[in-house]
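Heads up: the structure comes next, in C-alpha cells.
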Amino acid sequence: MNKTSYCPLPFSHLAIRPNGRVFPCCIFRWDSVPEDFKISDPNVFNHPFLEDIRNKMRNNEPVDGCSRCYENEEKTGKSTRMYFMEKGEDFGLDVGSTDASLVYLDLALSNTCNNKCRMCGPELSTSWYSDAKALGMKIPKGIIEQNVVLENYDLSTLRAIKLIGGEPLMEETKFIDVLKRCDRTQLSIMLTTNVTLTPSPELYSLLKECKQIRINLSIDAFGPLNDFLRKGSKWEKTVENLHWFYKNFTETIDKNSVSLHSVASIYNLNQVNLLYSFIKTNFPKMNIDYVLADGPEWMLPRHLPELAKDVIKEKIAQWKIDIDAPLFRVALDELGKSGDFRKFIKQDTILNELRSEHWKEHNVELYEMVKRFYE
Numbered sequence: 092m093n094k095t096s097y098c099p100l101p102f103s104h105l106a107i108r109p110n111g112r113v114f115p116c117c118i119f120r121w122d123s124v125p126e127d128f129k130i131s132d133p134n135v136f137n138h139p140f141l142e143d144i145r146n147k148m149r150n151n152e153p154v155d156g157c158s159r160c161y162e163n164e165e166k167t168g169k170s171t172r173m174y175f176m177e178k179g180e181d182f183g184l185d186v187g188s189t190d191a192s193l194v195y196l197d198l199a200l201s202n203t204c205n206n207k208c209r210m211c212g213p214e215l216s217t218s219w220y221s222d223a224k225a226l227g228m229k230i231p232k233g234i235i236e237q238n239v240v241l242e243n244y245d246l247s248t249l250r251a252i253k254l255i256g257g258e259p260l261m262e263e264t265k266f267i268d269v270l271k272r273c274d275r276t277q278l279s280i281m282l283t284t285n286v287t288l289t290p291s292p293e294l295y296s297l298l299k300e301c302k303q304i305r306i307n308l309s310i311d312a313f314g315p316l317n318d319f320l321r322k323g324s325k326w327e328k329t330v331e332n333l334h335w336f337y338k339n340f341t342e343t344i345d346k347n348s349v350s351l352h353s354v355a356s357i358y359n360l361n362q363v364n365l366l367y368s369f370i371k372t373n374f375p376k377m378n379i380d381y382v383l384a385d386g387p388e389w390m391l392p393r394h395l396p397e398l399a400k401d402v403i404k405e406k407i408a409q410w411k412i413d414i415d416a417p418l419f420r421v422a423l424d425e426l427g428k429s430g431d432f433r434k435f436i437k438q439d440t441i442l443n444e445l446r447s448e449h450w451k452e453h454n455v456e457l458y459e460m461v462k463r464f465y466e
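Position 142, counted from 1, in the sequence shown is what the numbering used here calls 233; the numbers after and before it change by one each time, with no gaps.
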C-alpha cells in the first residue's frame, strides 16, 4: 500500500474537546467535521464520517481535513502525520494497519479552569465567562454541563491518553474514573496543567501505576508577569507546586517525566531568559519547551514596533550563546515579519480596562520601548 496519504490516527485515535465535539486529530480542519460528530454518540469511533476518511486513506486518496499536514510536508518536510508515522508505536498505535481500534485519546474532560490566560477564551476556560459576557462573546457549553464523560466506552484497550483542559486537575473525579477503567500497566499519560494545583494522593497513586507519565507544566514567564499572562496564578504558589512535581515525578519516578511548556508572545519574548535561568538553577533536570505563540493573532511579536524588535533581536543573539533553544530561530523569523502595533494596543487596552490591570509594572523594559504609542 502506498502510504502517501495514510495516517495512523483516524484508525486509532479521537480528539475530544470541551464542548463535546470530536475530531480525527487536533489539527484536522474543524470546518470539515460534521456537527453530529460528538462524544454523545456512543458509536462515534465508527461514525460514517470517520469511516469515509479511513476508506480514502486505504485507497490513498487525499482527505480535505488533512490539508494542514499536506501543506506542512510540502513546505518543511515535517507534519503531525509524519510524526505519528515515526513515533506512533510510543502511543500504542499499530502504524501501517488499516484496522480500526481505539487506543489513543486526546481528551479534554471539560473547559473548567481557574485561570483566564490572555491567550485563551471561554471555549477553554470557565474563568473567561465574565469577560466574555462583557465583550459580547458567546458562552459555550462544556462536557461538564452535558454530564457525559465517555460513559458508554470501553477504555480497557487504551494505550495512551493526552489530557488537556480547561485545567485537568480541577476535574479529578472524572480523571480518576477514566484511569480506573484503563489498564494502567499498559497506559501512557500525557498531562498538561497550569501548575496551580497538585494531584490528590489517590490520583498520584493511580498515575504512579501507569506505564509512563509525561507532565507539561504551563508557565509563560518568570514572576508576576506569569500571573498577569495566566491570570489566576500566584507566582509563590506556582513555585511551590513546581517543587512538588519535581520531587514526586522527576526525582522519584523518571527524570524525563516533567517538562516546562512555555509560550512566548509580544508580552514576554524579551524576558524568556529569566524563566530559563530560574528553571535551570532550581530544577536542573527539567526540560524546557518554549514555543512561539500561534494565537491570538494580536499577541504575535510581529506587531512590535521596529525599535523593540531590534532590541529583542540583539538579546536573542546574546542568549543563543548560553541557551540552545529552537524558539530563538522561530522568533527571529517572526520578528522579521511586518505587523501593526495598533492591533495589539486595541485588544490589550480592552482587556486592561476590563480587568483593571496593566502589564507595564511586570515588564518595565518593554513598556519603556513602547509607551509613546500609548500616550
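No residue lacks a Cβ here, since even glycine has one placed at the ideal position from N, Cα and C.
Classification of residue i by the beta-carbon crowding that lies within 10 angstroms, buried from 16 upward
i	result
H334	exposed
P101	buried
Y337	buried
C197	As written in the sequence, residue 197 is Asp, which differs from the Cys given in the question. Its Cβ being crowded by 16 or more others within 10 Å, D197 is buried.
P133	exposed
I379	buried
N373	exposed
W450	buried
C301	buried
Y244	buried
D345	exposed
G179	buried
S218	buried
C117	exposed
D318	buried
F464	exposed
Option nearest residue i by Cα separation, candidates the options
i	options	result
I130	Y244, I118, G111	G111
A422	A223, H138, Q362	Q362
C204	S216, L193, C117	S216
I304	W326, V286, I280	I280
N443	R209, E331, L457	R209
S368	K404, E327, A416	A416
G323	D143, V286, K271	V286
V124	R149, V154, Y97, N146	V154
S188	F175, D197, L196	F175
P396	K451, I436, F140	I436
E425	Q438, D413, I407	I407
H104	S218, L193, S96, E180	L193
I144	T167, E180, A191, E331	A191
E331	L308, N347, T343	L308
Y161	E177, C98, F128	C98
V402	L294, F114, L141, L457	L457
R120	D431, F128, T95, C157	C157
C211	K147, G386, E242	G386
N206	V113, W326, K299	W326
H138	N150, E152, P115	P115
T343	L298, F432, E152, L184	L298
W410	D439, T440, E452, L366	L366
W141	N150, F128, I441, E152	Trp is not the amino acid found at residue 141; the sequence shown has Leu there. With distances taken between Cα atoms, L141 lies closest to F128.
Per DSSP, cross-strand counterpart(s) of residue i
i	result
N378	S350
A355	L383
V113	I107
S279	A251, Q303
L198	I107, L254
S123	Answer is none; S123 lacks a bridge partner.
C208	R321
K129	R112
Chain-order list of residues whose beta-carbon lies under 8 Å from that of residue i (same chain, five-residue window excluded)
i	result
E359	What sits at residue 359 in the sequence shown is Asn, not Glu. Around N359: D311, A312, L316, L320, N454.
E164	S170, R172, M173
L445	D222, A225, L226
S447	none
A399	N361, L457, M460, V461
S353	S309, I310, D311, A312, V363, L366, I379, D380, Y381, V382
Cβ shell of residue i (< 6 Å), same chain only, five flanking positions each side left out
i	result
I255	A199, T283
D274	S247
E459	none
F136	L193
M92	Residue placement at M92 is flagged as unreliable, the pLDDT there being 37, under the threshold of 50; the coordinate-derived value follows with that caveat. Hits under 6 Å: none found.
M148	S96, Y97
L184	P99, S103
Inter-residue CB distance, residue i and residue j (contact presumed, cutoff 8 Å)
i	j	result
K376	T341	5 Å
R250	Y195	7 Å
L383	L418	6 Å
V349	I306	5 Å
I252	L278	7 Å
Close beta carbons around residue i, own chain, < 7 Å, minus the five adjacent residues each side
i	result
N228	Note that residue 228 corresponds to Met in the displayed sequence, not to Asn. Answer for M228: P213, listed in chain order.
L260	T284, L288, P290
I230	P213, Y220, A223, K224
K232	N110
I357	M390, L391, P392, H394, L395, F435
R420	none
K428	R393
Proximity test, Cβ basis, 8 Å: residue i and chain B
i	result
F313	The structure shown contains no chain B; it is built from a single protein chain.
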